[in-house]
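Residue numbers (our numbering): 977 to 1078. Glycine included, C-beta positions come from ideal geometry on N, C-alpha and C. Each remark here refers to the structure printed beneath this line.
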């Protein structure tokens, strides 16, 4: 099943995060967190994206605070990942450990 097209998932993530999809092979121009002009492909390469899907979470200063590479098991795990980041649990434990406690 597709997770991202479910309205409750979209509402949950939009309430917690600003969402910016990036095409890791794209040539669309964009501005990175330092104000430099780049392409989506170069931006992803600079963040060492080598496999997809990848979800990256950045703080307001542009610092990556969490990253999840690979598919999630289901909708509940995807929502749990959002909660893990929004609650700041990334600062004290890995997502796998966080999942075990839930």
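Within the same chain, Cβ atoms closer than 6 Å to the Cβ of residue 1048 are found at 1054, the five residues on either side in sequence being excluded.
With fewer than 16 other Cβ atoms inside 10 Å of its own Cβ, residue 996 counts as exposed. By the criterion of a C-beta distance shorter than 7 Å, residue 1032 is surrounded in its chain by 1023, 1040 and 1043, once the five residues flanking it on both sides are discounted. For residue 1053, the enclosing alpha helix (DSSP H) begins and ends at 1051-1062. DSSP, read as helix, strand or coil, puts residue 1071 in helix.
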